[in-house]
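Below is one structure, written out as structure tokens; comments come after it.
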Amino acid sequence: MEATISVVTGELVSRFISFLKNKYHSSLSDAQSEEKVVRRLQHLLMRVSIIVEEADARYITNYGMLLQLKMLSEAMYKGYRVLDTLRYQNLQDSADTNEVSIDDPSSSSLYISIPFKRSRKEIEKHDMAMRLESDGALESLELAIANMAEFVVLLSGCERMSRRPYDVYLYTNNFMFSRHAEKQKLLSFLLEHNNPPGDHAPTVLPIIGGFGVGKKTLVAHVCADERVRSRFSSTLHLNGDNLLTTLDHGGAMFDMMLVVIEFASDISDDDWKKFHLFLVRMSRGSKIIIISKLKRLARFGSVQPIFLSALSYDELRYLFKTLAFGSVDPAEHPQLVQLTDEFAKELYGKQGSLVAANTFAHVLRMNLTVQFWRCIFGKGIRHVKRNLCIYGVHPSKLKEQGLPVDITDFALHPLTMTSYTSNVPIKEESPSVTFGELLADPSVRPEGDFTLIEYESRIPPHKSFVHFVASRAQDTHEGSSSTLPGRKRRGVPI
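Here my numbering = 1-based position in the sequence shown + 3.
Okay, structure coming up:
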């Protein structure tokens, strides 16, 4: 009996040791394979980023090349996301806390959940998904590079833009980084002689896109080009709401001009014909750019419109990470890299704008600690939930429509803000504070009503997003309920 037990025990021990060896070699093989993928991704991304940056410094007029450039940049941003995931996924796997409370005095009920232990099936499922995604990213980059030989040859024949030192800085620190094809298309429109023979009417290019996608920034960025500035004697910016009043002040509009018109609402075909007929007196070669959120205004274009959509998740994540870390190496803060994913998902999945991405990134860059980032993330989540509870509408939509937005969770005090418009003039005498200052330290809040500067663009046209903040939030909520018919205000604790 003892001999039998000894044999069985020996067999079990032998199998267990064999199992451990196989598992070790399998893990070692997986680790080596993963490391190989990371190295390959890094190499491909370096090559792709060089091509994209070089293309951004050339005048490209070929439509096929612009399509290739767009595909290449999309593959690049996806590759950067997958690379970060491969680098820092071990942190998630080795997390040793069940859930982490967000350190905020205004709430103790919100947590960022981090799994303590996942089943083998869940781990295998996650690893399989990650392998498929990394393989897909590699395949996309390799395919894009394989088709780039002709692109690179043709690119070398494109004229190089003259760049100032500030322009090089802008390449890595503004939200125009993903608009390569759109910039080139707008440049081509402005620099080409595309008037039909015998036709003195100026050509019209509509630029259509949603709220805060960067339409005016795109125009300002391209209009700053040296060749564009030297081509047009002047640039005239008009408001579509009072377009016809321009007819009374057009005595000097005879040179080659660039006219940029921003439309907040539609106009009749007859009114447009009157205005367009008036512009015929400008010199041949003059151009008109229409900027609007309304797709139906594309009917006034004489060339194909440029449609600006919101950034993809990969693009927004890349931008947010770049802005949040600035000159700091993200590899020094792997946990914060994971948190950038959480911020990017909220900004992308819940109608977040470039303004919000820039604002939050600026605040986070001032304090690169996990506790601070989680605190800011928690405030943002509660801010969205509170406004959905009160108004039934996401705060970004409220701002877009010029309606009051509750910011109690940012200020730790009952407050609402309303965007300044032509109907709500800026009160110069009111004290002001930036949104970043309020978010980082709510104690900076002035007593009474004040002006809140949400964001000021660092690049042309240097647009500011300014709001009027009323401290008597309770009265404001009740008074604003009429602007949202059918919505019932529910009590929300501070």
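Note that beta-carbon positions come from the ideal geometry of N, C-alpha and C, so glycine has one too.
In terms of alpha-carbon separation, which member of the options lies closest to residue i?
i: L48; options: E57, E403, A78, Y66; result: A78
i: F468; options: V283, P449, S399; result: S399
i: R234; options: G243, D258, N242, G217; result: D258
i: K348; options: V436, R50, S271, L314; result: L314
i: V2; options: R448, T419, L357; result: Shown here, the chain extends from 4 to 497; a query on residue 2 therefore has no answer.
i: R1; options: L357, V340, N390, K277; result: What the structure shows of the chain is the stretch from 4 to 497, and residue 1 is not part of that stretch, so it cannot be assessed.
i: V41; options: S356, R84, L75; result: R84
i: M369; options: G395, F346, L391, L442; result: L442
i: F303; options: V331, L311, I270; result: I270
i: F154; options: K277, L75, Y91, V283; result: L75
i: A227; options: L280, D273, M164, L241; result: M164
i: S433; options: E403, H470, F278; result: H470
i: V331; options: E403, T362, F346, T372; result: T372
i: Q338; options: R90, E185, K81, D59; result: R90
i: Q374; options: G82, E403, A204, L342; result: L342
i: G139; options: D272, K188, G82; result: G82
In or out: residue i buried (at least 16 other Cβ within 10 Å) or exposed?
i: V156; result: exposed
i: Y321; result: buried
i: Y66; result: exposed
i: K39; result: exposed
i: E457; result: buried
i: I53; result: exposed
i: Y336; result: First, the residue type needs correcting, since residue 336 is His and not Tyr in the sequence shown. Classification for H336: buried.
i: S237; result: exposed
i: H196; result: exposed
i: H46; result: exposed
i: A152; result: exposed
i: E185; result: buried
Are residue i and residue j touching if we call contact CB-CB under 7 Å?
i: T220; j: S305; result: no
i: L239; j: I292; result: no
i: L190; j: V225; result: yes
i: I393; j: A301; result: no
i: S422; j: G439; result: no
i: R385; j: D344; result: no
i: E265; j: I309; result: no
i: L367; j: A359; result: no
i: E56; j: S181; result: no
i: K298; j: L261; result: no
i: G215; j: S356; result: yes
i: V283; j: A204; result: yes
i: K402; j: V396; result: no
i: G217; j: K296; result: no
Compare the C-beta of residue i against all C-beta atoms of chain E and say whether one is closer than 7 Å.
i: H397; result: Reference to chain E is not applicable here, since this structure consists of a single protein chain.
Here's a check: name, in chain order, each residue in its chain whose Cβ is nearer than 8 Å to the Cβ of residue i, leaving out the five neighbours to either side.
i: H465; result: E459
i: R447; result: The sequence given here has Val at residue 447, not Arg. Cβ within range, chain order: V436, E440, L441.
i: N150; result: Q71
i: E450; result: S474
Got a sec? Which residues, its chain only, sit under 6 Å from residue i by beta carbon, not counting five neighbours each side?
i: P445; result: A414, L415
i: Y62; result: C161, E162
i: A364; result: F323, L326, A327
i: F192; result: L208
i: L246; result: F278
Please return the same chain residues whose Cβ sits closer than 7 Å to the Cβ of residue i, not counting the five positions on each side in sequence.
i: R230; result: L194
i: A267; result: G243, D244
Report whether the distance from the Cβ of residue i to the nearest heavy atom of the ligand MG is below 6 Å.
i: S460; result: For the ligand MG, the structure offers nothing, since it holds no ligand at all.
| What runs of the alpha helix (DSSP H), each 4 residues or longer, lie entirely inside the stretch 221-247? | 229-234
| said: Give the list of continuous beta strand (DSSP E) stretches no shorter than 3 residues that lie fully inside the stretch 351-434. | reply: 419-422
| field | Length at least 3, wholly inside the stretch 258-338: the beta strand (DSSP E) runs in chain order | value | 260-266, 290-295, 309-311
| field | beta strand (DSSP E) runs wholly inside the stretch 433-465, at least 3 long, in chain order | value | 435-437, 453-459
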